[in-house]
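Numbering-wise (this note's numbering), the sequence shown opens with residue 15 and increments by one.
Glycine included, every Cβ here is placed at the ideal spot set by N, Cα and C.
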Amino acid sequence: MKTCDFCGRQEADDAKTLTWSTAVENGRTRTYCDTCSREHLRAMEGKLDSEYW
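Next up, the structure:
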């Protein structure tokens, strides 16, 4: 089961998490659901840590 590190959404089906994104912040891998990924795409591309979103 994967959990979004931003909103807390959980998904057990690996096929449904193919659209999720990952990032490494301060040496820690973080996972974001498709909704949060789309909503914060500009900040992610700007390499801002999620604490600044």
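Residue(s) in a DSSP beta bridge with residue i
i: K16; result: E25
Neighbourhood of residue i by C-beta, 7 Å cutoff - its chain only, sequence neighbours within 5 removed
i: C50; result: C18, F20 and C21
Cβ-based neighbour list, residue i, same chain, cut-off 6 Å, excluding 5 preceding and 5 following
i: A26; result: M15
CB contact flag (residue i, residue j, <9 Å)
i: T36; j: R44; result: yes
Start-end ranges of the beta strand (DSSP E) lying completely within the segment 26-57, minimum 3 residues: If we require 3 residues or more, the beta strand (DSSP E) runs fully inside the segment 26-57 come out as 35-39 and 42-46.
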